[in-house]
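So the sequence shown is numbered by this note's numbering: it starts at 242 and just counts up by one.
Just so you know, even glycine gets a beta-carbon here, dropped at the ideal spot from N, CA and C.
Remember, it's a predicted structure, so these values are computed and weren't measured experimentally.
Have a look at the structure below, then the notes.
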Amino acid sequence: EHFLVSLDSRSETIDSSVQLAVRKEDFTVSLLRLHETNFLDTLRNKLSLGVDKRN
């Protein structure tokens, strides 16, 4: 069985023998919000929702 792992617009296919570890780091990140962008539009574009990739 294979799985697709994605992070920060990078994707990798792995099989079930791979172990993943997710942990919280000790630092924080400040984010900048731009008024002309929208979270849902960004998510929709990254996931290619509504896009027919057959053409």
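- The beta-carbon distance between S252 and L245, rounded to whole angstroms, is 6 Å. This is short enough to meet the 8 Å contact definition.
- The residue among V292, K287, R295 and D293 with its C-alpha nearest the C-alpha of L248 is K287.
- In the three-state DSSP reduction, F280 falls in the helix class (H, G or I).
- For D256, the pairing in a beta bridge is given by DSSP as H243.
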